[in-house]
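Each residue of the sequence shown is one higher than the one before, counting from 0 in numbering that gives the first Met the number 0. Positions of the beta carbon are idealized from the N, C-alpha and C atoms, including for glycine. The next block holds one structure in the form of C-alpha cells; read it before the comments.
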Amino acid sequence: MLSNQHSLSVYIHIPFCRQKCHYCDFLSWPNRIEDLDTYVEALLAEVDLYRGRLAERPVATVFFGGGTPSLLTGVHTSRILEKLASAGSLTKDAEITMEANPEQLTLGQLKAYRQAGVNRLSLGLQSTHDPLLAFLGRRHTAADFYRVVELACQAGFVNMNADLIFGIPGQQLEQWQESLETLEAMKISHLSCYGLTFEPGTPLHRQRDSGTVCAADEDLEYAMFRWGIEWLQQKGYQHYEISNYALPGKSCLHNITYWENREYLGFGAGAHGFLSGERTANSQQMESYVAAIYQGEFPYMSCEKIGLAESVSETMFLGLRMRRGISETVFESRYGRSMASFFEKEITELMQRGLLEQQSGFLRLTEKGIDLSNLVFEKLLVSSG
Ligand code: SF4
C-alpha cells in the first residue's frame with residue numbers, strides 16, 4: 000500500500016482519430032494523422048522536461064488514452080515507454096494500458112504493442128449491435144471487435160477492457176442484456192459501462208435539441224444500469240466502481256489512482272496532471288503544445304494550486320465512486336484529521352438517509368447511495384466551499 004501511495008501514474012494523450020463519433024467531446028483531431036510522427040517527437044521531448052520528477056518516483060501505471068492511441072505504431076509505443084523507463088523507473092509489474100478502436104488492429108500491431116510492454120487493452124466497443132454503433136458514428140462493427148479479441152489473445156493479452164454505452168436512443172433492454180451476456184461469455188476481464196451523455200457541441204446534442212433524436216427513457220436507462228450491476232455480480236464480476244466491473248484481480252490500477260486522488264503526470268496535448276498539490280492542463284492545440292516544448296517550457300494551458308478544502312472534497316467524491324469507499328486510516332494519514340472532522344454534519348445526514356455507510360474502516364455508498372450518487376457528491380462538493 001505504501002509503495003503504491005508513493006508511486007506515480009502516467010497518462011499519455013493521443014488526440015488523433017480517423018473520424019469524429021457523434022457523441023464525442025474528448026480532445027480528438029479527425030483527419031490529422033499525418034501529424035502523428037511530429038506529435039510523438041514532441042511527446043518524447045515533453046517526457047525529458049519531467050526527468051527530475053520521474054527520477055524521484057517509480058511509475059506503476061501508464062495509460063495511453065485518446066483520441067485513438069492505437070494509431071500509434073509499435074515503434075512509437077516502444078520509444079515512448081523506453082523514454083519513460085530511461086527517465087526514471089517503470090516498476091517491473093507496471094500496468095500499461097492502450098486504448099484501441101476495434102476496426103483497425105492487426106495481429107502484427109498487437110504483438111508489437113505486447114513487445115513494447117503494453118499488457119492491458121481497453122477496447123472502445125460501446126455496443127454489440129451494429130445499428131447502434133452506426134447511430135453513434137462508430138467506424139467498427141461487432142464482428143470487428145470479436146476478431147480483435149481473438150487476435151489480442153493470440154498476441155498474449157489476457158487483461159482486456161471493453162467500454163460499453165447504455166441508454167442509446169432506440170436501444171432495448173434486451174439488447175443491453177445481450178451485449179453484457181456476450182462479453183461475459185467471452186470472459187472479457189473488465190467492463191466499463193457508462194450511460195450516454197449528450198455533450199454540448201456534439202452532433203448528437205444538436206440532433207436532440209432539434210428533435211430529430213429523443214433521449215432514452217430514464218426508467219429504461221435505470222433498468223439497464225441496475226440489471227448490469229446485479230447480473231454481472233452474479234457472474235463473478237466485482238462492481239468495484241460505480242461504472243466499472245472487473246473479474247478478480249483485474250481492476251484498473253490506473254483509474255484507481257484517479258479515484259484515490261493520488262498523483263499522476265499527464266503527457267500530450269490536452270492531458271491533465273496532478274502533482275505536488277497542483278493540477279495542470281496542457282494546451283489543446285498541436286501548434287502551441289509543440290512550440291512550448293521545444294522552447295523548453297511545460298506546455299500548460301492552466302496550472303492551479305489545490306487548497307485543503309478542495310483537496311478534501313475531491314478525495315471524498317472521487318473515493319466514494321469506488322464500492323469499497325474511502326479508507327478512514329488512509330484519509331487520516333493524508334490529512335491528519337478524520338473525514339468526520341471535515342464533514343460531520345453531511346456524513347451524519349447522508350448516513351441517516353441511508354446513502355452512506357461505514358464498513359470495516361471504510362466510508363462508502365450504500366446501494367441506494369449508488370442510485371443517488373450525484374446528490375451525495377454535490378453535498379460534499381458544496382460543503383467544501
Ligand atoms: S474514437 Fe473515441 S476519441 Fe475518437 S471521436 Fe470516437 S469517441 Fe471520440
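Contact test: residue i Cβ vs the ligand SF4 heavy atom, cutoff 7 Å
| i | result |
| --- | --- |
| residue 27 | yes |
| residue 16 | yes |
| residue 30 | no |
| residue 192 | no |
| residue 96 | no |
| residue 166 | no |
| residue 200 | no |
| residue 67 | yes |
| residue 267 | no |
| residue 23 | yes |
| residue 160 | no |
| residue 20 | yes |
| residue 123 | yes |
| residue 100 | yes |
Residue interval of the beta strand (DSSP E) (run including residue i)
| i | result |
| --- | --- |
| residue 194 | 189 to 194 |
| residue 122 | 119 to 125 |
| residue 159 | 159 to 165 |
| residue 105 | Premise fails: residue 105 is in no beta strand (DSSP E) and is neither H nor E. |
| residue 238 | 237 to 240 |
| residue 245 | 243 to 245 |
| residue 299 | 299 to 304 |
| residue 265 | 263 to 266 |
| residue 116 | No beta strand (DSSP E) holds residue 116; DSSP gives it neither H nor E. |
| residue 131 | Here residue 131 belongs to no beta strand (DSSP E); instead the alpha helix (DSSP H) covers 129 to 135. |
| residue 271 | 271 to 274 |
Exposure label - residue i; buried when at least 16 CB within 10 Å
| i | result |
| --- | --- |
| residue 68 | buried |
| residue 384 | Bear in mind that a pLDDT of 43 at residue 384, under 50, signals an unreliable position, so the model cannot answer this. |
| residue 249 | buried |
| residue 369 | buried |
| residue 112 | buried |
| residue 351 | exposed |
| residue 2 | Its pLDDT being 39, under 50, residue 2 is placed unreliably in this model, and the value from its coordinates should be taken loosely. It counts as exposed. |
| residue 320 | buried |
| residue 344 | exposed |
| residue 275 | exposed |
| residue 213 | exposed |
| residue 225 | exposed |
| residue 31 | exposed |
| residue 0 | Low per-residue confidence applies at residue 0: pLDDT is 34, beneath 50, and the placement is therefore not dependable, though the value from the model is reported in the following sentence. By the 10 Å Cβ count, residue 0 comes out exposed. |
| residue 408 | In the structure as shown, the chain starts at 0 and stops at 384, and residue 408 therefore has no counterpart that could be examined. |
| residue 186 | exposed |
| residue 114 | exposed |
| residue 151 | buried |
| residue 373 | exposed |
| residue 75 | buried |
| residue 92 | exposed |
Residue span of the alpha helix (DSSP H) that contains residue i, given as start and end
| i | result |
| --- | --- |
| residue 204 | 202 to 209 |
| residue 178 | 172 to 184 |
| residue 222 | 217 to 233 |
| residue 153 | 141 to 154 |
| residue 51 | 50 to 55 |
| residue 10 | Here residue 10 belongs to no alpha helix (DSSP H); instead the beta strand (DSSP E) covers 7 to 13. |
| residue 17 | It is not in any alpha helix (DSSP H) - residue 17 carries neither H nor E in the DSSP assignment. |
| residue 286 | 285 to 293 |
| residue 254 | 252 to 258 |
| residue 366 | 366 to 370 |
Worksheet item: Can we say the stretch 87 to 98 touches the stretch 125 to 145, given the rule of at least three CB pairs closer than 8 Å?
Response: No, because fewer than three Cβ pairs between the stretch 87 to 98 and the stretch 125 to 145 fall closer than 8 Å, the two stretches do not touch.
Worksheet item: Which whole runs of the alpha helix (DSSP H) in the stretch 317 to 351 are 4 residues long or more, in chain order?
Response: Those alpha helix (DSSP H) runs which fall completely within the stretch 317 to 351 and span 4+ residues are 327 to 334, 338 to 351.
Worksheet item: Does the stretch 257 to 266 come within contact of the stretch 45 to 58, defined as at least 3 CB pairs closer than 8 Å?
Response: Touching, yes, given that three or more Cβ pairs across the two stretches are closer than 8 Å.
Discussion item. Under 8 Å, with one C-beta from each stretch per pair, do the stretch 229 to 249 and the stretch 51 to 66 reach the 3-pair mark?
Written reply: With a cut-off of 8 Å, the stretch 51 to 66 and the stretch 229 to 249 do not count as touching, because too few Cβ pairs lie within range.
Discussion item. Closer than 8 Å is the cut-off here; do at least three beta carbon pairs connect the stretch 161 to 175 with the stretch 114 to 134?
Written reply: Of all C-beta pairs linking the stretch 161 to 175 to the stretch 114 to 134, three or more are shorter than 8 Å, placing the two stretches in contact.
Worksheet item: Touch check for the stretch 239 to 255 and the stretch 317 to 337: three-plus C-beta pairs under 8 Å?
Response: Short answer: they touch.
Discussion item. Pairs of beta-carbons, one from the stretch 333 to 343 and one from the stretch 201 to 215, closer than 8 Å: are there three or more?
Written reply: Contact between the stretch 333 to 343 and the stretch 201 to 215 is absent, because fewer than three Cβ pairs lie under 8 Å.
Fill in: alpha helix (DSSP H) runs wholly inside the stretch 34 to 91, at least 4 long, in chain order
Counting whole runs of 4 or more residues, the stretch 34 to 91 contains the alpha helix (DSSP H) stretches 35 to 48, 50 to 55, 73 to 86.
Item to complete: Could you tell me whether the stretch 269 to 283 touches the stretch 92 to 100, where touching means 3 or more Cβ pairs closer than 8 Å?
Response: The count of Cβ pairs closer than 8 Å, one atom from the stretch 269 to 283 and one from the stretch 92 to 100, stays below three, leaving the stretches out of contact.
Discussion item. Between the stretch 59 to 75 and the stretch 302 to 318, can you find at least three pairs of beta-carbon atoms closer than 8 Å?
Written reply: By the Cβ test, the stretch 302 to 318 is not in contact with the stretch 59 to 75, since fewer than three Cβ pairs between them sit closer than 8 Å.
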